[in-house]
Amino acid sequence: MREQLENIKKLASDDIQSSRSDAELDAVRVKYLGKKGLLTGILRGMGQISPEERPVIGALANTVREELEKYIEEKSLFLREKELSEKLENEKLDVTLPAKKKNIGKLHPISLVENRMREIFIGMGFEVVEGPEVESAYNNFDALNAPADHPSRDYTDTFYISTDILLRTQTSPVQIRAMQKKKPPI
Numbered sequence: 020m021r022e023q024l025e026n027i028k029k030l031a032s033d034d035i036q037s038s039r040s041d042a043e044l045d046a047v048r049v050k051y052l053g054k055k056g057l058l059t060g061i062l063r064g065m066g067q068i069s070p071e072e073r074p075v076i077g078a079l080a081n082t083v084r085e086e087l088e089k090y091i092e093e094k095s096l097f098l099r100e101k102e103l104s105e106k107l108e109n110e111k112l113d114v115t116l117p118a119k120k121k122n123i124g125k126l127h128p129i130s131l132v133e134n135r136m137r138e139i140f141i142g143m144g145f146e147v148v149e150g151p152e153v154e155s156a157y158n159n160f161d162a163l164n165a166p167a168d169h170p171s172r173d174y175t176d177t178f179y180i181s182t183d184i185l186l187r188t189q190t191s192p193v194q195i196r197a198m199q200k201k202k203p204p205i
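Quick note on the working numbering: the sequence shown kicks off at 20 and runs consecutively.
#1: Note down the Cα distance separating K94 from A31, rounded to an integer number of angstroms.
#2: So, with DSSP's three-state summary, where would you put V153?
#3: CA-CA distance, L112 and R99?
#4: Cα separation between P204 and D176?
#5: Could you check the C-alpha separation between R63 and K106 for me, to the nearest Å?
#6: Could you check whether I91 and L58 sit closer than 8 Å to each other, using their CB atoms as the reference points?
#7: Taking C-alpha atoms, which residue in V75, E86 and P74 lies nearest to Y51?
#8: Might you give, ordered along the chain, the residues of its own chain that have their beta carbon closer than 7 Å to the beta carbon of S191, omitting 5 neighbours on each side?
#9: Which of the three DSSP states, helix, strand or coil, is assigned to I184?
#10: When you compare only the Cα positions, how much space is there between K125 and R135?
#11: With burial defined as no fewer than 16 other Cβ atoms inside 10 Å of the residue's Cβ, what is the status of L185: buried or exposed?
#12: To the nearest angstrom, how far is the alpha carbon of E72 from that of K101?
#13: Jot down the residue ranges of each uninterrupted beta strand (DSSP E) in the stretch 65–96, minimum 3 residues, whole runs only, in chain order.
#14: State yes or no: is the beta carbon of E92 nearer than 8 Å to at least one beta carbon in chain B?
#15: For a quick check, are the C-beta atoms of V193 and E149 less than 8 Å apart?
#16: Applying the 10 Å Cβ sphere with the 16-neighbour rule, what's the burial state of V47?
#17: Hey, I61 and A80: beta-carbon distance below 8 Å or not?
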C-alpha cells in the first residue's frame, strides 16, 4: 500500500508539472483527488488493511493528499502569473496616444429643426445669410424706410447701445446687408 501511495505521489507530481493550463491542471486534480480518483480509491480500500497498519497508511495517505493539493495550488498560481505576464506583454498601452473624445451633450431639438430647415432650403437653391446682433440705426430702420416717428424706434421698444448703435430688432437688416453685397437675383 505504501508503494502504491508513493507511486501515485510520483505520477501525480509529474502530471502536475507537465500541466500547461488550468484545464489540464483541473483534470489532474480530478484524476488523483476526485471522487473516483486514484488516491480516493486507496482511501476507500482502508477497510481491507489490518487495524495496526491503518493509522500509518491513513496518515501517509493524508500527507500525500495534502502535498498534492499544495503542488496543485502552487502550479495554479504559477499558471495564472504566467498568463497575466503574457497578457501584459501582448497588450501594451501607449500612454502617449491622445485620449478618445467624449461626446458631451446633444443638440437642442430646436437646433436640430433649424439645421434640418437649412438643409431643405439650401437643397431648394436658397442661401443662408447671417448678420450681426448689434446693428446701426441706418440698417435697422432708415434703409427699411421706417419713419422717424415709428413706434419701433422708441427707446422703450429698442435697446440702444449708443445713439446710432442698437441691438437688431428684426431680421430685415441682414437682408439689407445681403442686398448691398450681392447682385440680383438674390
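We treat Cβ as the ideally placed atom computed from N, Cα and C, and that holds for glycine. Keep in mind it's a predicted model, so treat the numbers as computed, not measured.
According to the data block:
#1: 12 Å
#2: strand
#3: Their backbone Cα atoms lie some 21 Å apart in a straight line.
#4: About 33 Å.
#5: Approximately 43 Å, taken between the alpha carbons.
#6: Not a contact, by the Cβ cut-off of 8 Å.
#7: Nearest Cα to Y51 within the set V75, E86 and P74: E86.
#8: Once the five neighbours on either side are set aside, the close Cβ partners of S191 are L163.
#9: In the three-state reduction of the DSSP assignment, I184 falls in the strand class.
#10: 15 Å
#11: With 16 or more other Cβ atoms within 10 Å, it is buried.
#12: 43 Å
#13: none
#14: No chain B appears in this structure, which consists of one protein chain only.
#15: Cβ atoms of V193 and E149: closer than 8 Å.
#16: buried
#17: yes
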